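Here the protein sequences line up with chains A and B, keeping their order.
The UniProt record's numbering puts the first residue of the first sequence at 1, with every later residue one more than the last.
The UniProt record's numbering puts the first residue of the second sequence at 1, with every later residue one more than the last.
Don't be surprised by glycine CBs; every beta carbon is placed ideally from N, CA and C.
From a predicted model like this one, the values you see are computed outputs, not experimental measurements.
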Amino acid sequence: MADIALEPRTGRRPIREATTWDQIRANRNWLGFWFMLPAMAFLILFLAYPLGLGVWISFTDARIGRPGVFIGMENYEWLWGDSIFWLSVFNTLLYTTVASAIKFAIGLYLALLLNENMPFKAMLRALVLIPFIVPTVLSALAFWWIFDSQFSIISWSLKQMGLITDNINFLGDVAWARACVIFANIWRGVPFVAITLLAGLQTVSPSLYEAATLDGATSWQRFRFITYPLLTPIIAVVMTFSVLFTFTDFQLIWAMTRGGPVNATHLMATLSYQRAIIGGVLGEGAAISNAMIPFLLAAIMISWFGLQRRKWQQGESND
Amino acid sequence: MTEIPTLPVDVKAVLTATSPTVARDDHSEGMSYLESLPRRMVTLYLPLSLIVIVLLFPFYWMALTAIKPDDQLLDLNTFNPFWTWNPTFKHIYKLLFESYYPLWLWNTMYVAICSTILSILASVLAAYAIVRLRYRGAQWVGGLIFLSYLVPPSILFIPLATVVYQYGLFDTPFALILTYPTILIPFSTWLLMGYFKTIPFELEECALIDGASRWQILTKIVLPLAIPGLISAFIFCFTLCWNEFIYALTFLTSVQNKTVPVAIVNEFVDGDVYRWGSLMAGALVGSLPLVILYAFFVEHYVSAMTGAVKE
């Protein structure tokens with residue numbers, strides 16, 4: 001409200017008519033516009049416009065170096081009958097569900113462990129986060145080496161222990177390759193889930209636990225009826241992010257398997273890169289990546305409404 | 001537009017659990033005396049050390065591979081693979097003096113710093129406008145920025161490639177400098193909005209009455225007070241840039257222009273021969289800048305990360 005105080009009515013000075021320039025300078029809507037301009041320019045030029053363009057490209061037969069002609073739903077019809085596309089959808093769903101579920105379980109467990117009182121707590125918490133900071137591709141390369149078909153340290157150790165006789169073909173075998181990329185994704189995602197949930201855990205008042213213990217609650221009951229309900233909102237947000245980023249993951253797969261063996265680890269993102277940039281068929285690639293949008297919207301809606309319901313249950317306004 | 005859900009999380013307390021003020025907030029002590037030491041060994045220390053070992057093993061393995069001589073690398077029968085008695089710096093030397101690696105490091109650094117600075121400038125203005133100017137539709141714009149954070153690069157890279165090509169930016173660092181802010185701005189705006197809200201409005205009111213313009217208020221009052229927030233935003237943006245892969249892979253083609261992640265994946269494999277030593281040395285050296293930055297600013301980093309959830 002303070003903007004209006006620019007023209008004092010007290011002094012001897014005659015009140016000057018406010019010029020258009022003054023109005024533009026003082027009007028908070030115009031001011032807001034100027035302040036928003038740089039951010040909006042970036043987001044419109046390189047996010048909103050491409051997003052729309054992507055939808056348009058998926059309805060054309062564009063190729064690299066050649067603008068496309070409108071061909072209607074043809075790309076989508078073609079994908080509908082494409083078994084590799086459906087395999088990638090299946091892989092993406094499998095990858096997202098399994099990795100997110102395990103990330104959540106281990107992340108929550110790790111958060112509970114780190115919340116205990118022990119020596120070197122701060123250092124441990126800092127160490128745990130390192131997998132999350134190191135660029136995904138670089139740690140994916142480390143896994144590539146760990147899962148190498150001939151020189152894998154895991155195969156070597158298992159052979160030394162006498163558990164297996166031949167090397168495991170980690171990234172060459174369909175089931176193993178899927179397990180390996182999911183493992184790498186979990187490895188990278190757990191620190192984020194754990195640290196964020198730990199931040200949430202620290203807001204839970206200890207008096208609740210003390211009261212519950214006096215009433216004879218077991219540790220499981222304390223977790224189920226105190227920790228879990230109080231942590232629900234933060235769990236919803238963390239898991240939305242986790243699911244979203246797992247679903248649209250590209251770099252881990254590309255660095256580890258490039259979708260192989262026999263497309264067994266192709267996610268929708270990697271398949272769309274393969275078709276659009278390597279294969280040069282932009283229209284089809286765009287159609288594949290657009291096919292992710294409904295899934296993403298669903299994930300966002302579920303967590304959004306989950307949160308709203310939660311708020312309402314706690315007696316806040318449901319705006 | 002509904003408010004973005006706010007969560008009551010005290011982020012700073014997470015990693016500073018040893019300081020006395022935080023120890024009070026850290027309620028973990030309360031019950032631990034109820035458990036005996038052997039019990040805690042099994043329920044706490046054992047699982048915890050297992051998880052930590054698994055989380056850190058790949059880095060150990062990366063570092064060890066980077067300094068192992070080639071013959072030990074591929075001969076698992078005569079040498080114990082978990083240790084080496086004659087480390088060599090050959091791989092790292094070759095990496096730094098006989099490859100394009102320094103150039104790639106420079107490219108990555110250049111792109112990351114430029115786009116981080118651009119994004120922070122834009123986000124500071126946007127966040128201030130949304131929080132303090134409260135112009136008509138500010139709520140809506142805030143919500144839209146939140147939504148744009150959820151648009152993943154793997155949907156955008158195809159149309160962006162054509163846009164970048166049209167603008168004549170293909171295979172130049174500008175392709176990345178101008179596209180990365182779309183990932184960074186939503187995040188840092190969101191983070192800075194949280195910081196600006198904590199600055200007392202009275203300070204600004206006083207300045208307004210004294211005749212300061214909005215610009216003066218922003219640069220002389222708000223920004224100095226928001227320095228921790230700016231550092232958080234800077235570190236997080238920088239990390240995101242360093243980590244980005246799909247845009248760099250799509251928009252850059254010539255070897256000299258690549259960034260570290262893309263170059264390492266593509267340039268260290270001669271046909272079927274993987275130069276494991278150089279690969280791992282490259283991955284290690286490429287991670288170091290971020291790990292060092294992180295080591296110095298752990299608290300800021302974590303508050304930035306959980307800031308995504310907080311606000």
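Asked, Found
"Give the range of the alpha helix (DSSP H) segment to which residue 67 (chain B) is assigned.", "46-67"
"Are residue 251 (chain B) and residue 161 (chain B) closer than 8 Å when you measure CB to CB?", "yes"
"Taking 8 Å as the CB-CB cut-off, is residue 274 (chain A) touching chain B?", "no"
"Is residue 271 (chain A) near residue 84 (chain A), with beta carbons less than 8 Å apart?", "yes"
"Determine the direct distance from the alpha carbon of residue 254 (chain B) to that of residue 30 (chain A), and round the result to whole angstroms.", "44 Å"
"Please report whether the beta-carbon of residue 294 (chain B) lies at a distance below 8 Å from any beta-carbon of chain A.", "yes"
"Apply the 10 Å Cβ neighbour rule to residue 218 (chain B) and answer buried if 16 or more other Cβ atoms are within range, or exposed otherwise.", "buried"
"For the segment 135-157 of chain A, which residues have a CB atom closer than 7 Å to at least one CB atom of chain B, in sequence order?", "135, 136, 137, 138, 139, 141, 142, 143, 145, 146, 151, 153 and 156"
"Express the C-alpha separation of residue 194 (chain B) and residue 204 (chain B) in angstroms, rounding to a whole number.", "17 Å"
"List the endpoints of the continuous alpha helix (DSSP H) containing residue 80 (chain A).", "74-80"
"Quick test of the definition: if touching needs 3 or more C-beta pairs under 8 Å, does the segment 258-266 of chain B touch the segment 238-248 of chain B?", "yes"
"In its own chain, which residues sit with a C-beta less than 6 Å from the C-beta of residue 238 (chain A), not counting the 5 before and 5 after it?", "193 and 196"
"DSSP three-state label for residue 178 (chain A), please.", "helix"
"For residue 182 (chain A), which residues in the same chain have their Cβ closer than 7 Å to its Cβ, ignoring the five residues on either side in sequence?", "95, 98 and 99"
"Please report the Cβ distance between residue 226 (chain A) and residue 208 (chain A), rounded to the nearest whole angstrom; I am assuming they are in contact, meaning their Cβ atoms lie under 8 Å.", "5 Å"
"Determine the contact status of residue 196 (chain B) and residue 127 (chain B), defining contact as a CB-CB distance below 8 Å.", "yes"
"Within the continuous alpha helix (DSSP H) that includes residue 255 (chain A), where are the two ends?", "251-256"
"Within 10 angstroms of its Cβ, does residue 120 (chain A) collect 16 or more other Cβ (buried), or is it exposed?", "exposed"
"Scan the segment 90-120 of chain A for residues whose Cβ lies nearer than 8 Å to a Cβ of chain B and list them as they occur along the chain.", "106, 109, 110, 113, 114, 115, 116, 117 and 118"
"For chain A, check one thing: does any of its Cβ atoms lie closer than 8 Å to the Cβ of residue 276 (chain B)?", "yes"
"Please list, in chain order, all residues of the same chain as residue 68 (chain B) whose beta carbon is under 6 Å from its beta carbon, the five residues on each side excluded.", "84"
"Cα separation between residue 285 (chain A) and residue 103 (chain A)?", "30 Å"
"Restricting to Cα atoms, I'd like to know which of A:240, A:35, A:291 and A:258 is closest to residue 149 (chain B).", "A:240"
"Which residue comes first and which comes last in the alpha helix (DSSP H) that contains residue 192 (chain B)?", "173-197"
"To the nearest whole angstrom, what separates the beta carbons of residue 159 (chain B) and residue 53 (chain A), a pair I think is in contact under 8 Å?", "4 Å"
"Restricting to Cα atoms, I'd like to know which of A:243, A:58, A:216 and A:221 is closest to residue 297 (chain A).", "A:243"
"Give a yes or no on whether 8 Å exceeds the smallest Cβ distance from residue 261 (chain A) to chain B.", "no"
"Output the distance between the C-alpha atoms of residue 150 (chain A) and residue 230 (chain A), rounded to the nearest integer angstrom.", "48 Å"
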